[in-house]
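In case it helps, numbering that gives the first Met the number 0 puts the sequence shown at residues 0 to 224. Please read the structure below before turning to the comments.
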Amino acid sequence: MGQVLGDVPGLAAGVAVSPLPVIALIVVLATPHGRVNGLVFTVGWVVGLSVLGAVTLAVGGQEDAGGDGQPAAWVGALKLALGVALVLFGVKLWRRRPADVTQAQLPAWMATIDRFTPVKIFLLALVLSAGNLKNAPLTIAAAASISSSGLPVGQQIAALAIFVVIASLGLLTPLVAYLVMRERARGMLGNWKEWAARHNTAVMAVLFFVFGLKLLGDGIDVLVS
């Protein structure tokens with residue numbers, strides 16, 4: 000369990016630092032039913048990560064780790080492939096980042112969030128969590144490590160729960176600030192939104208590249224061990 004928990008938090012932190020979902024949540028909180036919609040969005044986020052992680056656990060089964068305590072070889076191959084994909088995405092994003100951050104633009108769909116029903120907000124959160132090009136590979140990699148650890152099912156579920164909690168901290172921070180401070184939080188959340196919007200592409204590119212290199216290193220380490 001200790002070895003798994005040594006790998007999971009780092010990957011979860013990579014999911015937690017997600018500027019676009021945070022911006023989306025802040026926009027959701029500014030809707031007429033911000034409190035309810037914000038909670039719906041957060042639940043959708045948690046469900047998305049949990050389901051993706053659970054599916055990976057189920058697909059991986061309860062394969063034991065190698066005799067030397069290393070994860071199974073398939074985990075190394077998976078991390079290697081995910082690492083390559085993340086590095087390539089990181090390089091592509093870095094090249095596409097705006098030269099002038101003040102000219103950065105948010106996706107057009109964000110302008111329509113105030114007209115979203117709770118169901119659409121829930122589905123949006125699912126896409127931004129389990130369908131995100133950064134979050135999905137990191138979640139799969141974490142769940143694959145848990146799946147191949149040889150831990151009992153109960154401990155695997157607990158490890159996945161820890162991952163989801165840490166991965167959700169980026170969203171929980173603005174949500175809690177809004178629920179506690181209400182009107183006083185609007186200015187602060189607006190500043191967060193503006194900063195995240197301007198630097199979203201650059202931040203995502205760096206995260207893609209850094210965590211891609213981490214998965215590459217982890218995958219190589221598993222395969223050569």
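C-beta: ideal position from N, C-alpha, C; glycine also. Bear in mind the structure is a predicted one, so any value in this text is a computation, not a measurement.
Count Cβ pairs between the stretch 132-143 and the stretch 4-23 that sit closer than 8 Å; are there 3 or more? yes
Roughly how many angstroms lie between the CA atoms of Arg185 and Val205, to the nearest whole one? 28 Å
Three-way DSSP call (helix, strand, coil) for Leu132 in this model: coil
Straight-line CA distance for Gly149 to Ala15? 26 Å
Would Leu81 and Pro20 be called neighbours here (beta carbons separated by less than 7 Å)? no
Taking a contact to mean a Cβ-Cβ separation below 7 Å, would you say Gly75 touches Val209 in this structure? no
What are the start and end residues of the alpha helix (DSSP H) that includes Leu92? 72-95
Output needed for Ile219: all residues of its chain with C-beta closer than 8 Å, excluding positions within five of it in sequence on either side, in chain order. Gly75, Leu79
Which residue comes first and which comes last in the alpha helix (DSSP H) that contains Arg197? 184-223
To the nearest angstrom, report how far apart Leu215 and Asp6 are at their CA atoms. 14 Å
Look at the Cβ atom of Leu159, then the Cβ atom of Gly37, and state whether they are nearer than 7 Å. no
Since Leu127 contacts Trp73 with CB under 8 Å, what's their CB separation in whole angstroms? Going by Cβ atoms, the distance from Leu127 to Trp73 rounds to 28 Å, so no, they are not a contact pair.
Buried versus exposed call for Val163 [16 or more other C-beta atoms within 10 Å across all chains shown]: buried
For Met109 and Ala23, I'd like the C-alpha separation in whole angstroms. 7 Å
Using three-state DSSP, classify Thr116 as helix, strand or coil. coil
From this set, Pro18, Val26, Gly33, Ser17, which residue's C-alpha is nearest Leu178's C-alpha? Gly33
Can you round the beta-carbon distance between Lys192 and Ser17 to whole angstroms, since I take them to be within the 8 Å contact cut? About 13 Å separates the two Cβ atoms, so there is no contact after all.
To the nearest angstrom, how far is it from the Cα of Ile123 to the Cα of Met203? Per the sequence shown, the amino acid found at residue 123 is Leu instead of Ile. The straight-line gap from Cα to Cα measures roughly 19 Å.
Chain-order list of residues whose beta-carbon lies under 6 Å from that of Leu28 (same chain, five-residue window excluded): Gly37, Tyr177
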